[in-house]
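Residue numbers (this note's numbering), protein chains in the order written: chain A, 2 to 328; chain B, 940 to 1234; chain C, 427 to 660; chain D, 678 to 1106.
One structure is given here, and the rest of the page talks about it.
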Amino acid sequence: MSRWVSTMVWLLVLVAFAALGSITDDERLMTLAIQTFIFAALASSWNVLGGFAGQVSLGHAAFFGLGALITRELWLGEMALPLAIVIALAVTAAVAAAVGLPMLRFRGIYFSVGTLALGVAVWITAGNVWPGISSLPADALREYEFTGPYYVALGVVAVVVAVSMWLKRSKLGLGMMAVREDEEAASATGVSALAYKMIAFVISAVLAALAGAAFAFFSVSYYPQFPFSVVWTFEAITIVFVGGVGTIVGPLVGSVFFVVGRDMLSSTFPEIQVLTFGVLFIVVVLLLPGGFVEAGQRLFKLVSRGGADQKAKTGIRPGEREGKEKT
Amino acid sequence: MTQLVLQSAVSGLLVGGMYGLVALGLALAFGVLKVLNVAHGELVMLGGYAAFLIFTERGIDPLLSMPLVFVVLAFIGVVLYQLLFRFVVRFDIEKRIKNSLLISFGLVLILQAIAVLLFTGDDRSIVTGYSSAAWVVGMVRIPWVRLSGLVVAVIAAVALEWLLTRTTFGHAVRGTAEDWSLASLAGVDVRRVYMIAFAISAGLAGLAGSMVSLGYSVNPTIGLGWTLKALVVIVLAGLGSMRGIVLAGMLLGLIEGLASVWVGGPYRGVVALVVFLVVLSFRPQGLFGRGGAYV
Amino acid sequence: MLKVEHLSVGYDDLQVVWDVSFEVPAGALVAIIGSNGAGKTTTLRAVMNLLPLMGGAITFKDEPIVGTPTHQIVERGLVMIPESRATFASLSVADNLHLGAYTKWARAEKKSAMEGVYEIFPRLAERRTQLAGTLSGGERQMLAIGKALMARPEMLVLDEPSLGLAPMIVEDTFDEIRRIRERGVSVLMVEQHVEMTLELVDYAYVLELGQIVTEGSSRDLMTDSRVREAYLSF
Amino acid sequence: MTRHKLWVLLAVIALIIAACGGNEDTSDTTGAATSTTEGVTETTEGATATTGAPMEAPEAVYFGAVVPQTGAFAGGGAQVVRGYTYAVDAINEAGGVYVEEFDATLPIELILRDDESDPNKTTSVMEELAGENIAVYLGGFGSPVHAAGTAVAEKNQIPYLGVATALQALHEQGYQYYFSPFPKSPDIAVSVYEMLNGLLPEGERPLRVGIFQETTDWGEELGALWVEEAANHGYEVVLHEKYAPGSEDFTDIILAAQAADVEALFSLPTPPDGFNIYKQMGELGWKPPFSLVVRAADVPTWNDLGDAGDGAMLSAGWHWALGFEGIDAINERHIAEEGRPADPIVGGSYALVQIVVDAIGRAGTLDHQALRDAIAATDMDTVVGPITFREDGTAPIENPLMQRQAGSVVLVWPVVEGEGAGDILYPAN
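Structural data, given as structure tokens:
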């Protein structure tokens, strides 16, 4: 019963955002929403590898950049957007599979620093090979509409969340979490740790490329090297841990806090915006080690303990945890 | 051609010494506190500005002002420890790495913003009488300013090694690094060891900063570049080990120097990273480390 | 010397030790015996403030030590040898001993204490420069005890000293503990080898599932029917 | 579990709506309901937000200036801000600008935003400014930030004036809203050879040219033009080295230049590369007799290099010794506030404000389309000289060249008499 209810809830949210897209055409709100969707998709994609399978990758932006690069080049070359995205995902999947094998031989901090080195190497190469700015053609700029990118970004985040939810509930997801909890024990019970890590690595890369495609379709002009930058990986990780690692909702809540919070800060105190964001961010990390979701659960547990009689009415067991807090 | 190769190799070793000096502080903080301080590069930046100010205001040469810069940065290290990292060390090892990564990422933003407010965004560098002086050995010129970076790195490494192996405090530090609860059972005040180790780590960053502002240039955004190099060096040397850091740094510098000759400038960074990955895949515990691949 | 009253300890919301009280008079050799998972180690870690308490009072030499930082407890003369990994593998034998005498109180006589340990454990003198990680199980136990002695303790707490040792070595270890006690050091020992322990100690407490089920002098416990069935083979 | 998810998601929606409520007041939207089609639509027709033309006058005319105040271009950005501030203060002191549409003389207000020398921040900050009812965008410092900004200006159809950017490619995109009265790559490439031939007698010219080209779009553009113009002026390119911006060690390219016996070294480094290159040259004990360091040498901190940096030629687009009308006032204030005559970029940014104010006067309205046409039809004298705009938004302007001589910036080309101008210091090593 609870899976059907939660699916209905997710559909309700999707329809609400879809309607929101057409009601308003306040450009700043649309931009914020699109940025939130892209960050939510990117953070959720990182969460698949980092949250479910417990492999902390610091080179995730390479796949975000790859997805953006291929989609943009093909789409500006007069190719239909959906086809360009499919090709981008296919190429990213191949690259991820090729890179994943050697990378996943490393464990723990060595995997993190190894993927960081790879990410920086790809970032420098992208900068050297594609030095020129990538802007939309002049006439397309003058008729630029936010509704298109809005729905693409919404579609992308919906797909990423759907895949995450399917994965988390599937046998595949279970295998990944076993690897996360204790890799030796998992491989001892016949779970091929490398296989699950590879699958998580490729799925995470493809979803990141999808987020990159949404970025490429939405952005007016940027340097192709930009989506490869390590800053995207750091921000994605920040969002996941502030929201709640290993959960479905965590990255979503985290991206709202990140995008909306940063925007409000930059308009209220522009000069010291970077300073205040740094301080605010540290306070959140220190006070909520488990992220918003765990804080929500703890708060919820307090409330539900108070409203014990609630249980009869709603028939939903209060205080059930959404999966333990992980590394 | 051979002159180019030799000079590039030597220049690579010199800049590698700098990578080692920056990595020394990071290795100490990670080795002892198991804290990954991504803002270590920002401490180097602040050290660079400190040396620059002492030079421009008081006219003291950075090589002479290094002890003062060390103390100033060590003090900043104590403040940062008390404000932030004191809470991180309460977690168990795995959570410490995750939380210290997040907190130091926030610290990067704060320190950069403060640097901009205090020093503006311009590039600053210390130019002394001997700035263009160099030793000529055969076809190769060894600039004094860059050589001093390497010399300071070696001296710092030796001093750290002496501290860790010859003094009782050093035993306490190494004991804490291996097992903090056992160390406290031996009567070691682990909190104090953490604070002092972090202060020394910041002080070493200050020394590196002085050398960066002497040999290169300082602006608020140089931090992350140096942190990335230091991170590669400490993993290359073997995580957790505080030996062989400067050697690993020089190796990385050498690889980059030679890479620039054959592969060409734009890809010198890429080649060094690829070589690092190859080395890592054959010796997961690093060149000098003993620990298992998984920390 | 050490008095523990109504001690309750646990991890997060999982309570392990329920309302435990025991006492180690000065110069006594007391043991807490119990099977694995009875909460023995948890109790000791709580006494040394390596674990937060849920309740209870602990006094050492009539001064309360609840909440006192571990290193200050050691400074006051209460030294514990943990169950496993009781030595610093990355440090040499000599450095381990140096670190053992880290407190101001112990550092004063580090030289003489060192010679004393080398006398008691000549094997350690031979392996002085070796890394502790390369020693055998028995040698590592000797080093653990030697390191504790370097701290010139007034009371020594041992967490399952016999763990993972060959029977012959366990006997040597127990002999050494007897000699330590004869030098005036009070000892609290936590063990699973009930039979051998009861022969060694004056008084013992039996811990089961986090609670003290019975206590008494070693002779009484030897004859207590319940203890015989549960722990003794005959 | 589901109930708690509901909680959190309601919070998500509330946050979005709160954000939407937060900025409802800024732009009055005559929103027409666009057709709501589910799923992915290419582009749906819909009325863009057109601001009506209310008759009562706004309190001021707002100029949206997005300038790097932090990051690599902060040094140059500070000069741009100074130029804008001096110009706006001067005009406001003279009463402001008369706008016929409101039949009122309004003060100018500069809305200044920092894009942290990051082209991606430039786009997001310019999007924010679009909602602040600005008359025009004013550019920052450096080609990357302008490359990103032009597209946003074109999208929002708000006139955008660029300064301290020589990227010619931006003017070949068919943009209607981008104007930059600043020397472009072709002007820079030609002027350096014309100066050398003009100032140095036949036998004494540095004919062996070396190029340090950073792997950026502007690097490629200017590098190629330097090679092309070398042949046209009788020079030989003996070295053409590429490097990635931001590396720490330039030993390899410096030694290659020394080995090739380069006499004239051209480079356009992103800070701090320029600084490090010339510092490492000092260390390696080699310096070419002639150095043109575009962009990097424009900032006063270049003097920290001492004699390693002395003699470097700048191509900063302006110099106060050119003596155009209005320069004395700028110099007076600059010396009073900064203790030295006007920095090179101050003139260029001051001129932008002059051009916009003149265009508002002629257009008589703040409507973006009308303002764009008025700017395109500019024909006026400014502190950077006479300005008219070509079809592609560039302006025919001579590229003056200056040289760092003993810490001060001396105008060397075109040859001008009077204070601040002087002979070329050649050879510089």
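Quick reminder that beta carbons are idealized off the backbone N, C-alpha and C, glycines included.
Bear in mind that the values here come from a model prediction, so they are computed numbers and not experimental data.
Looking only at C-alpha atoms, which of the options sits nearest to residue i?
| i | options | result |
| --- | --- | --- |
| T190/A | A201/A, G176/A, V203/A, I200/A | G176/A |
| L635/C | A454/C, L455/C, K466/C, E431/C | K466/C |
| I1118/D | T762/D, G1041/D, G983/D | Not covered by the structure: residue 1118/D. The range shown for chain D is 678 to 1106. |
| V976/D | M1078/B, T1059/B, L1007/B | T1059/B |
| F952/D | A1198/B, A1095/B, W1165/B, G1154/B | G1154/B |
| G887/D | A921/D, S944/D, L838/D | S944/D |
| W131/A | P228/A, V10/A, S193/A | P228/A |
| E1195/B | K1168/B, F1221/B, G1109/B | K1168/B |
| P138/A | L77/A, G156/A, W167/A, T93/A | L77/A |
| L1099/B | V954/B, L965/B, M940/B | L965/B |
| L142/A | T72/A, S220/A, A179/A, A201/A | S220/A |
Secondary structure at residue i, three-state DSSP: helix, strand or coil?
| i | result |
| --- | --- |
| S1120/B | helix |
| Q56/A | coil |
| D445/C | strand |
| T941/B | helix |
| T747/D | coil |
| D105/A | What sits at residue 105/A in the sequence shown is Leu, not Asp. If DSSP states are grouped into helix, strand and coil, L105/A belongs with coil. |
| A841/D | coil |
| V1217/B | helix |
| G1099/D | coil |
| Y761/D | helix |
Residue i lies in the beta strand (DSSP E); which residues open and close that run?
| i | result |
| --- | --- |
| P1082/B | 1079–1082 |
| W1074/B | 1073–1076 |
| V632/C | 629–634 |
| M427/C | No beta strand (DSSP E) contains M427/C, which DSSP labels as neither H nor E. |
| F486/C | 479–486 |
Over the uninterrupted alpha helix (DSSP H) stretch that includes residue i, give me the two end residues.
| i | result |
| --- | --- |
| H1045/D | 1045–1053 |
| K956/D | 950–961 |
| Q274/A | 274–288 |
| F38/A | 28–48 |
| K169/A | 148–170 |
| Y988/B | 979–992 |
* Cβ contact (3+ pairs, closer than 8 angstroms) linking the region 959–968 of chain D and the region 994–1007 of chain D -> No contact exists between the region 959–968 of chain D and the region 994–1007 of chain D.
* To do: Check each residue of the region 762–781 of chain D: if its Cβ is closer than 8 angstroms to any Cβ of chain B, include it; give the result in chain order.
  => From the region 762–781 of chain D, no residue has a Cβ closer than 8 angstroms to chain B.
* To do: For the region 92–102 of chain A and the region 60–68 of chain A, state whether three or more C-beta atom pairs, one from each stretch, are separated by less than 8 angstroms.
  => With the cut-off at 8 angstroms, the region 92–102 of chain A and the region 60–68 of chain A touch.
* To do: May I ask you to verify whether the region 1178–1190 of chain B touches the region 1024–1041 of chain B, counting CB pairs closer than 8 angstroms and requiring at least 3?
  => No: the two stretches stay apart, fewer than three of their Cβ pairs being nearer than 8 angstroms.
* Asked: If we count Cβ pairs, one from each stretch, closer than 8 angstroms, do we get three or more for the region 537–556 of chain C versus the region 570–578 of chain C?
  -> Contact between the region 537–556 of chain C and the region 570–578 of chain C is present, because at least three Cβ pairs lie under 8 angstroms.
* In chain order, what residues of the region 87–121 of chain A put their CB closer than 8 angstroms to some CB of chain B? -> Residues passing the 8 angstroms Cβ filter: P103, R106, F107, R108, G109, I110, Y111, V114, G115, L117, A118, L119, V121.
* In the region 213–242 of chain A, which residues sit with their C-beta less than 7 angstroms from some C-beta in chain B, listed in chain order? -> Under the 7 angstroms Cβ criterion, the region 213–242 of chain A contributes F235, T239, F242.
* **Where the region 972–995 of chain B meets chain A: residues whose CB sits under 7 angstroms from a CB there** => Those residues of the region 972–995 of chain B that come within reach of chain A (Cβ to Cβ, closer than 7 angstroms) do not exist; the list is empty.
* Asked: Does the region 1189–1209 of chain B come close enough to the region 116–130 of chain A to have 3 or more Cβ pairs within less than 8 angstroms?
  -> Counting C-beta pairs with one atom in each stretch, the region 1189–1209 of chain B and the region 116–130 of chain A have three or more that are closer than 8 angstroms, which means they touch.
* To do: Please name the residues in the region 496–511 of chain C whose beta-carbon is closer than 7 angstroms to at least one beta-carbon of chain B, in chain order.
  => Listed in chain order, the positions of the region 496–511 of chain C with a beta carbon within less than 7 angstroms of a beta carbon of chain B are T496, H497, V500, E501, M506, P508, R511.
* To do: Identify each residue in the region 613–624 of chain C for which the Cβ-Cβ distance to at least one residue of chain B is less than 8 angstroms, and report them in chain order.
  => Within the region 613–624 of chain C, no residue has a Cβ that lies closer than 8 angstroms to any Cβ of chain B.
* To do: Count the C-beta pairs between the region 144–164 of chain A and the region 35–48 of chain A that are closer than 8 angstroms, then say yes if the count reaches three, no if not.
  => Three or more pairs of CB atoms, one per stretch, sit closer than 8 angstroms, so the region 144–164 of chain A contacts the region 35–48 of chain A.
* **Cβ-based contacts, 7 angstroms cut-off: residues of the region 1159–1184 of chain B near chain C** => Taking 7 angstroms as the Cβ-Cβ cut-off against chain C, none of the residues of the region 1159–1184 of chain B qualify.
* Asked: Does the count of Cβ pairs from the region 916–923 of chain D and the region 1075–1095 of chain D closer than 8 angstroms reach three?
  -> Contact between the region 916–923 of chain D and the region 1075–1095 of chain D is absent, because fewer than three Cβ pairs lie under 8 angstroms.
* Asked: Along the region 1117–1128 of chain B, what residues have a CB closer than 8 angstroms to any CB found in chain C?
  -> Result list: E1117, D1118, S1120, L1121, A1122, S1123, L1124, A1125, G1126, V1127, D1128.
* Members of the region 1009–1037 of chain B near chain D, C-beta cut-off 9 angstroms -> Taking 9 angstroms as the Cβ-Cβ cut-off against chain D, none of the residues of the region 1009–1037 of chain B qualify.
* Going along the region 279–308 of chain A in order, which residues come within less than 8 angstroms of chain B, judged by CB to CB distance? -> Within the region 279–308 of chain A, the residues whose Cβ lies closer than 8 angstroms to some Cβ of chain B are G279, V280, F282, I283, V286, L287, P290, listed in chain order.
* **contact_flag[the region 1019–1030 of chain D, the region 986–995 of chain D] where n(CB pairs < 8 angstroms) is 3 or more** => Three or more Cβ pairs closer than 8 angstroms define a contact, and the region 1019–1030 of chain D meets that threshold against the region 986–995 of chain D.
* Meets three-Cβ-pair contact criterion under 8 angstroms: the region 1124–1143 of chain B and the region 499–510 of chain C -> The region 1124–1143 of chain B, when compared against the region 499–510 of chain C, does touch it at the 8 angstroms Cβ threshold.
* **Residues, ordered as in the chain, of the region 940–962 of chain D that lie near chain B by beta-carbon distance below 7 angstroms** => Cβ contacts with chain B: P948, P949, F952, N953, K956, G959, E960, L961, G962.
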